[in-house]
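The structure appears right after this line, and notes come after that.
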Amino acid sequence: MEAKKSNNIEMIAAFVAGALVGGALGILFAPDKGSTTRNRILTGAKDLTEDVRKKLKEEAEILRAKAAELEELAESKLEEITEAIKSEV
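Those letters in the sequence shown? Residues 60 to 148, by this note's numbering.
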């Protein structure tokens, strides 16, 4: 699970870095006016923000599901232990 978490963080970091490099190259080679370029950068930044937000939301959902599974497992084990103790007495 730790490896998957690390992999997801690396993937998001690579995505952000790629977007920044792409944006910088776009500015350097842009034939458009400054205002047009700024609007494109703003639009790209908004899209990037939305993509990152969506990915983080998906990861949060996965973590919530995993937490619920662990909670159910803990409750089940606690019941087993409680029943074992009761049967011993």
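Glycine included, C-beta positions come from ideal geometry on N, C-alpha and C.
Note that the structure is a prediction, hence the values are computed from the model and not measured.
Between residue i and residue j, how many whole angstroms is the CB-CB distance? I'm expecting something under 8 Å.
{"i": "T95", "j": "I86", "result": "With a Cβ gap of about 11 Å, T95 and I86 do not count as contacting."}
Can the beta-carbon of residue i be found less than 8 Å from the beta-carbon of residue j?
{"i": "L107", "j": "A78", "result": "yes"}
{"i": "E152", "j": "N67", "result": "Nothing about residue 152 can be read from this structure; the chain reaches only from 60 to 148."}
{"i": "I100", "j": "G81", "result": "no"}
So the alpha helix (DSSP H) residue i belongs to, where does it begin and stop?
{"i": "D106", "result": "G93 to E147"}
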